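Enquirer: Protein chains in written order, with the UniProt record's numbering: chain A, 1 to 152; chain B, 1 to 152. From the three backbone atoms N, C-alpha and C, an ideal C-beta is built for every residue, glycine too. As the structure is a prediction and not an experimental result, all values here were calculated from the model.
2 protein chains.
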Amino acid sequence: MALDEIDKKILRLLQEDAHYTLKDIANKINLSLTPVHDRVKRLEKDGIIEKYVTILDKKKLGNNLTVYCQVTLTKQTYDTSEGFNQSILNMPEVVECNYVSGNFDYMLKIIIPDMESYHHFHQKKLSVLPEVSLINTVFVISEVKSTTVLPI
Amino acid sequence: MALDEIDKKILRLLQEDAHYTLKDIANKINLSLTPVHDRVKRLEKDGIIEKYVTILDKKKLGNNLTVYCQVTLTKQTYDTSEGFNQSILNMPEVVECNYVSGNFDYMLKIIIPDMESYHHFHQKKLSVLPEVSLINTVFVISEVKSTTVLPI
DNA sequence: TACTTTTACAGAAAAATATTCTGTTTTTAA
DNA sequence: TTAAAAACAGAATATTTTTCTGTAAAAGTA
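(1) For K8(A), collect the residues of the same chain with a Cβ closer than 6 Å to its Cβ; drop the 5 residues on either side in sequence, then sort them by chain order.
(2) Does the beta-carbon of M107(A) have 16 or more other beta-carbons within 10 angstroms, so that it is buried, or is it exposed?
(3) Could you tell me the boundaries of the beta strand (DSSP E) in which Y68(A) lies?
(4) Among the residues of its own chain, which have a CB less than 7 Å from the CB of M91(A), if the five just before and after it don't count?
(5) Could you name the residues that DSSP lists as bridge partners for L56(B)?
(6) Under three-state DSSP, which class holds T147(A)?
(7) From T66(A) to P113(A), what distance separates their C-alpha atoms?
(8) Out of V138(A), Y78(A), T80(A), L73(A), which one is the CA nearest neighbour of G102(B)?
(9) Across which residues does DSSP place M107(B) in a beta bridge pair?
(10) Hey, is the region 83 to 100 of chain B in contact with the region 142 to 150 of chain A, meaning 3+ C-beta pairs nearer than 8 Å?
(11) Find the nearest neighbour of P130(B) within the set S81(B), V53(B), G47(B), Y68(B), judged by alpha-carbon distance.
(12) Return yes when the Cβ of V53(A) is within less than 7 Å of the Cβ of I55(B), no when it is not.
(13) What does M115(A) touch in chain B if you count any residue whose Cβ is under 8 Å from its own?
(14) Tell me the residue span of the alpha helix (DSSP H) that contains T77(B).
(15) Have a look at S127(B) and G83(B) and give me their C-alpha separation to the nearest angstrom.
(16) State the Cα-Cα distance for the pair T77(A) and I135(B), rounded to the nearest angstrom.
(17) What is the residue span of the alpha helix (DSSP H) that P25(A) lies within?
(18) Show which residues of chain B have a CB atom less than 7 Å away from the CB atom of E18(A).
(19) Tell me the rounded alpha-carbon separation between D17(A) and L73(B).
(20) How would you list, in chain order, the residues of chain B whose beta-carbon sits under 8 Å from the beta-carbon of E93(A)?
(21) Where K59(A) and R42(B) are concerned, what is the direct C-alpha to C-alpha distance, given to the nearest angstrom?
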């Protein structure tokens with residue numbers, strides 16, 4: 001379970017590009033295929049490596065608007081939270097949802113085609129949820145950084 | 001450049017798992033290897049597919065705290081923004097940074113081991129930037145959803 | 001210490017996958 | 001109606017992953 005320096009090097013490489021071959025990695029860290037293969041399998045089995053995914057260009061898919069929604073619920077009870085959570089899990093435009101501290105209850109990140117779609121989402125999907133009391137929208141004007149790479 | 005239904009099916013699958021083989025995909029959408037291969041290569045070339053990455057378990061890597069920082073700059077000039085942006089790009093604990101509308105200028109997402117690390121980050125790395133005037137921290141209490149999958 | 005066990009690694013063989021090639025069918029456009 | 005282009009299938013080839021065999025180093029035990 002404890003990661004040594006070799007594990008960390010492998011993880012750093014795989015975070016950057018899941019399509020590096022074992023040979024690529026082996027070359028970069030001066031090892032043979034076997035230990036690289038064994039270590040990757042172990043990291044998968046231990047759940048350090050969660051999954052391999054493909055990142056698509058959101059703008060090229062027509063998603064030109066990103067917004068943060070700061071949501072306040074009507075009540076702070078468990079049932080209210082759970083009901084809200086379940087609804088959110090079924091909304092594909094909500095890519096992040098976190099229960100937070102502060103002046104509101106949830107911070108959501110929404111990726112959506114345009115303002116019209118957002119208007120529709122806001123009015124017909126989010127604000128109509130029985131658990132939702134207040135929504136404060138923060139519009140993204142320009143994306144500076146967005147990465148899946150964690151510091152290791 | 002226009003995506004047909006087959007392209008979309010391929011993208012939906014690859015978003016979920018970048019390690020699906022061409023054969024897996026071909027079977028799932030009832031095609032032979034050739035068109036699947038050709039289409040994936042085209043989607044890569046056109047930049048619809050941006051990259052393949054590995055998602056790691058942040059908690060197993062010791063990152064137990066996620067926070068949003070709402071940052072206000074001292075001035076709203078181009079130079080101030082650019083200076084801030086460049087500093088952020090060199091901070092590995094900042095996984096998202098967006099210039100936004102509203103009562104503050106930037107929304108940041110920080111992934112970090114614990115409160116002590118955050119204290120250090122806040123005091124020694126973020127608040128000391130000459131462009132930063134105000135920081136409002138929103139702590140994540142519980143993660144409800146976090147996905148790289150875009151609606152297609 | 002000597003011995004056993006475990007772990008980490010290398011190299012080679014086998015299996016699976018990606019890539020390339022050839023050719024056919026379908027669609028599109030002249 | 002014909003020519004050109006696009007989409008696809010199947011087979012051959014190249015590459016990669018996976019498995020197998022064995023060696024060396026490290027860790028644990030009597």
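Expert: Working from what's here:
(1) I152
(2) buried
(3) 65 to 73
(4) K125
(5) I49(A)
(6) coil
(7) 8 Å
(8) V138(A)
(9) Q70(B), N98(B)
(10) yes
(11) S81(B)
(12) yes
(13) In chain order: nothing, as chain B lies at least about 12 Å away.
(14) Careful: T77(B) lies outside any alpha helix (DSSP H) and carries neither H nor E.
(15) 14 Å
(16) 30 Å
(17) What sits at residue 25(A) in the sequence shown is Ile, not Pro. I25(A) -> alpha helix (DSSP H) spans 22 to 29.
(18) Here the sequence assigns Ala to residue 18(A), which means Glu is not the residue at that position. Within 7 Å Cβ-Cβ: A18, Y52, V53, T54.
(19) 34 Å
(20) P151
(21) 17 Å
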